[in-house]
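Numbering (my numbering), first residue to last: 4 to 413.
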């Protein structure tokens with residue numbers, strides 16, 4: 004008690020109060036310097052990378068702080084967009100060689116990209132590893148799909164090719180089958196790289212005499228060289244093999260950023276008009292990006308439900324990471340930014356509508372956008388999860404050129 008009384012007496016005299024006042028001034032000054040340093044660094048990506056390397060990034064920045072920069076659409080006369088990134092979380096990340104990056108910042112684009120990219124084009128229904136001669140062929144659809152009567156069990160799809168399909172080529176068609184009348188269906192033959200349409204023909208729905216039987220097409224699984232009805236109609240929901248993953252991680256120009264990932268792959272529509280995402284990102288940001296381990300589970304109907312591991316500089320978030328209850332855990336811990344934004348103390352439910360989770364357009368900050376996630380809608384081969392314009396969390400077809408808010412790690 005004597006010691007405490009003595010301390011109080013000392014601090015109550017003129018000298019002690021003056022010392023306390025000076026300490027408060029110094030603290031305020033240091034806070035101002037730190038704030039100014041943070042403001043200056045926020046546009047200095049080399050400095051931000053150095054700060055991240057120290058593990059002290061969150062001593063200057065808090066969750067939700069933004070780092071303002073531009074993204075340039077080099078395929079559209081170098082049109083520039085304001086493209087701020089927000090701090091989503093601080094986390095440990097793993098590189099492909101096993102190196103652990105400790106307590107690193109993960110940033111995400113604050114707005115939705117100014118245009119969409121197909122997660123996957125509608126996929127080929129037939130792979131032709133040895134080519135396919137001109138002639139008449141048919142396949143049979145095994146299962147009914149949809150309530151419009153356009154796809155029924157036992158339906159026959161027949162067509163005549165007038166040109167040979169080269170070795171490694173493929174056939175696609177019947178796009179949007181359960182939602183589009185058969186009178187609108189087409190069949191396309193493609194080059195071995197999946198980029199060039201060789202021939203377009205109109206199918207018929209009875210097998211002509213002498214037509215070659217290609218087999219039975221299953222709803223959500225492959226059967227020899229025949230792909231599933233779901234992939235044929237609406238694309239594939241596997242992040243590892245997706246067109247959008249290629250787009251996000253490429254700086255190549257129009258027509259050069261996409262390559263077929265397997266024998267059924269077809270070039271996304273945007274590969275003909277858009278350059279890779281990284282072509283529009285400042286080099287200082289690209290230099291700061293780290294290719295980190297990303298885990299994404301596959302669908303259970305065709306791909307076995309396994310965990311795919313990729314190492315990506317740029318990626319989309321998962322259900323789990325945006326603080327929504329996942330179909331399966333393991334696609335990343337929730338980001339503090341999204342937990343705070345949700346205003347919820349428990350993960351949000353699938354299929355709920357949450358206006359706080361809406362993302363707005365890069366070119367119009369009051370225009371709500373549907374934003375694609377990387378998580379597969381696991382009971383189907385052709386849907387991924389997304390958050391739509393109302394904040395509803397639901398699935399969307401992989402073929403849709405949905406917008407997205409890319410993320411990356413310093």
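Backbone N, C-alpha and C define an ideal beta-carbon position, used for all residues, glycine too.
Quantities reported herein were computed from a predicted structural model and do not represent experimental measurements.
If only uninterrupted alpha helix (DSSP H) runs of at least 4 residues are considered, those enclosed by the segment 310 to 379 are 339 to 345.
In this structure, the straight-line span from the alpha carbon of residue 262 to that of residue 251 is close to 13 Å.
Going by beta carbons, residue 143 and residue 152 fall outside the 8 Å limit. The Cβ-Cβ distance between residue 180 and residue 232 falls below 8 Å. With fewer than 16 neighbouring CB atoms inside 10 Å of its own CB, residue 208 falls in the exposed class.
Minimum Cα-Cα distance from residue 230 among the listed residues 129, 380, 137 corresponds to 129.
The DSSP assignment places complete beta strand (DSSP E) segments of no fewer than 3 residues inside the segment 195 to 283 at 200 to 204, 215 to 220, in order along the chain.
Within the same chain, Cβ atoms closer than 6 Å to the Cβ of residue 171 are found at 195, the five residues on either side in sequence being excluded. Residue nearest to residue 391 within the set 413, 411, 410, 364 is 364 (criterion: CA-CA distance). Relative to residue 134, the option among 105, 167, 357, 72 whose CA is nearest is 167.
Residues of the same chain with their beta carbon placed closer than 6 Å to that of residue 347 are lacking, with the five preceding and five following residues left out of the count. Residue 246 and residue 56 have their C-alpha atoms some 32 Å from each other. For residue 110, the enclosing beta strand (DSSP E) has its first and last residue at 103 to 112. Residue 145: not part of any beta strand (DSSP E); DSSP gives it neither H nor E. In the displayed model, residue 176 falls within a strand according to three-state DSSP.
Inter-segment contact for the segment 215 to 227 and the segment 343 to 363 is absent: fewer than three beta-carbon pairs are separated by less than 8 Å. DSSP assignment within the segment 51 to 99 yields the following whole alpha helix (DSSP H) runs of 4 residues or more, N-terminal first: 60 to 63. In the DSSP assignment, residue 291 falls outside any beta strand (DSSP E) and within the unbroken alpha helix (DSSP H) covering 286 to 291. In the structure shown, residue 397 falls within a strand segment according to DSSP collapsed to helix, strand and coil.
The Cβ atoms of residue 206 and residue 162 sit closer than 8 Å to each other. Per DSSP, residue 408 lies in no beta strand (DSSP E) segment and is marked neither H nor E. Listed in chain order, the non-local C-beta contacts of residue 294 below 8 Å within the same chain comprise 98, 99, 314, 315, 316, local neighbours out to five positions each way being set aside.
Of 96, 94, 112, 92, the smallest CA-CA separation from residue 86 is found for 112. Minimum Cα-Cα distance from residue 218 among the listed residues 177, 184, 159, 235 corresponds to 159.
Spatial neighbours of residue 393 in its own chain (CB-CB distance under 8 Å, excluding positions within 5 residues in sequence) are listed in chain order as 356, 358, 361, 371. Taking C-beta separations shorter than 7 Å and ignoring five residues to either side along the sequence, the partners of residue 256 in its chain run 278, 282, following chain order.
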